[in-house]
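Following the numbering used here, the numbering of the sequence shown begins with 30 at its first residue and continues without gaps. C-beta: ideal position from N, C-alpha, C; glycine also.
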Amino acid sequence: MARETTVAVPGTEIFCRIDGAGADAPWIVFSNSLVTDLTIWDAQVEALQDRFRILRYDQRGHGRTPPGASAPDLPRLGADLHAVLDHVGIDRCSFVGLSMGVPTGLAAYGARPARFERLVLSDGQAKTAPTGAATWAGRIAYARENGMDGYAADTAQRWLQPEAAAGPKGERLRAMVAATPLEGFVHGATALQSYDHVADVARITCPLLVIAGAEDGAMPKSMRASFGDVPGVAVEIIEGAGHVPNFEQPEAFNAALRHFLDR
């Protein structure tokens, strides 16, 4: 039976949802991307809830978690993750991060690596790209000028393949992005303008799965370059998917996730 809770952290209260199997089942934790909420993981919950206890949470300024008074940095987002795990009583878990959830997970791993049994990192980077600060500045300006409705339409076109963007998935993604408060987007985008967790990647000793949408621009190549030297890393490229392969191609994403978790 699902359970909802909130966790007090500096500046806000993080909304969490727990689903899945009974008290003896292992934990898996999901961290969402910028401008999405915890429902971006619905298909993964459906696929795994018979075998895992599943924790999802809305990052600051997303979904049902209000923005704080100021923009967090990535170490703060990593600390939020540990606060959520502490509140729920999770000593050890598998972690799955999407886009902004990738550096969030790396920051949390760097602080307390023994807490993580496995890492799954999808369509995100270990550090801001050389052009990242300018790109995010441009997107912040676009959202301020056009509102989150305008930013949502642009995001769905960038993240999804044309057929998906034109259908129900595109409609659902646009609604999710548009519901994100402008302040929440600006805070998250500001955090992504300048971060570097390459040193934390070098410390990874737990099993690691890297997943990227085949159509997510340079992301497949970038993720191979960022994480390819981790011993034993597994890499999966999801065909027919852009920036949110778990949402756009959930069957293929879930198959890769199950295979990794069963290793």
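The alpha-carbon of V273 is positioned some 18 Å away from that of L77. Per the coordinates, the alpha-carbon of C235 lies some 13 Å from the alpha-carbon of G134. Listed as beta-bridge partners of Y86 by DSSP are C45, S60. Between the C-alpha atoms of L238 and G271 there is a straight-line separation of about 18 Å.
Counting C-beta atoms within 10 angstroms of its own C-beta, T41 has 16 or more neighbours from the protein chains shown and is therefore classed as buried.
The beta-carbon distance between I57 and S128, rounded to whole angstroms, is 18 Å. This is too long to meet the 8 Å contact definition.
With contacts defined by Cβ atoms closer than 9 Å, M205 and T68 form a contacting pair. Apart from the 5 residues on each side of it in sequence, A182 sits with its Cβ closer than 8 Å to the Cβ of R203 in its chain, given in chain order. Look at L290 here: in three-state DSSP terms it is helix. Per the coordinates, the alpha-carbon of F289 lies some 13 Å from the alpha-carbon of S151. Taken atom to atom, the span from the alpha-carbon of F145 to that of S99 is near 29 Å.
Under the three-state reduction of DSSP output, L238 falls in the strand class. Shown here, V206 sits in a helix according to DSSP, grouped into three states.
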